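Peer 1:
Numbering (this note's numbering), first residue to last: 1 to 208.
1. Tell me whether residue 104 sits in a helix, a strand or coil according to DSSP, three-state version.
2. Spatial neighbours of residue 25 within its chain, please: CB distance less than 8 angstroms, with the 5 preceding and 5 following residues excluded, ordered by chain position.
3. Excluding the 5 residues preceding and the 5 following residue 112 in the sequence, name in chain order all residues of the same chain whose CB lies nearer than 6 angstroms to its CB.
4. Counting only the same chain and skipping the five closest in sequence on each side, list residues whose C-beta sits under 6 angstroms from that of residue 143.
5. Relative to the C-alpha of residue 191, which residue among 108, 149 and 176 is closest?
6. Quick one: using the 10 Å Cβ neighbour count with 16 as the cut-off for buried, is residue 89 buried or exposed?
7. I believe residue 210 touches residue 140 by the beta-carbon criterion, under 8 angstroms. Please report the beta-carbon distance rounded to the nearest angstrom.
8. Do residue 186 and residue 133 count as a contact pair if the criterion is CB distance below 7 angstroms?
9. According to DSSP, residue 141 sits in a beta bridge with which residue or residues?
10. Name, in chain order, the residues that DSSP records as bridge partners for residue 61.
11. In chain order, what residues of the same chain have a beta carbon less than 7 angstroms from the beta carbon of residue 96, not counting five sequence neighbours either side?
12. Secondary structure at residue 29, three-state DSSP: helix, strand or coil?
13. Give the straight-line distance between the Cα atoms of residue 146 and residue 13, rounded to the nearest whole angstrom.
14. Whose C-alpha, out of 52, 29, 72 and 33, is nearest the C-alpha of residue 19?
15. Can you name the start and end residues of the beta strand (DSSP E) that residue 35 belongs to?
16. Looking only at its chain, what residues have a beta carbon closer than 6 angstroms to the beta carbon of residue 98, apart from the 5 residues adjacent to it on each side?
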């Protein structure tokens, strides 16, 4: 974690300035544990959110990245590995522990970067972990990152970014039904809220 403490106030500020990042409605991020769940269109999404969120954010990252120098860095900047395509108990327990300790965990429900303007199919991990820990999910909209560093691009372009936080989705609203039903219902609500925030964020972004 020491590398993250060093980089966030230094290199983080530089990145936010270079990409002209504007954060909107940061007051929607609660003071306690919460999941930050956003649309995913660029490798910049977690990086910029990590740099500019009100508090440190722990991110899940696919375990394939944890090799060599990249893996060494990732283990020191508030990330932890997750095995995609299956229920990774260790990752779930790690995320739950962070949330129960009052910290923030960032998850992209789509699981991978999208190339179009539509949201991709969502996985239930964000809702499952939030319900397990009893914490809210804050919908997050990223606008502009997909133009600066789209999927497949090797170098970023010039541009600007808007990141907007929505009103939290509360776990208490999904207390009825089986666990699967609760996760499905909460996931649908999370994605609906992200879609709503995207519309609002795009309007603000275009007006800049």
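Cβ coordinates follow ideal geometry from the N, Cα and C atoms, glycine included.
Fair warning: this is a prediction, and the values are worked out from it, not measured in the lab.
Peer 2: So, to answer that:
1. strand
2. 164, 165 and 166
3. none
4. 162, 201, 202 and 205
5. 108
6. exposed
7. Within the shown structure, residues of the chain are numbered from 1 to 208, placing residue 210 beyond reach of any answer.
8. no
9. 164
10. 81
11. 129, 132 and 133
12. coil
13. 20 angstroms
14. 52
15. 34-38
16. 58 and 105
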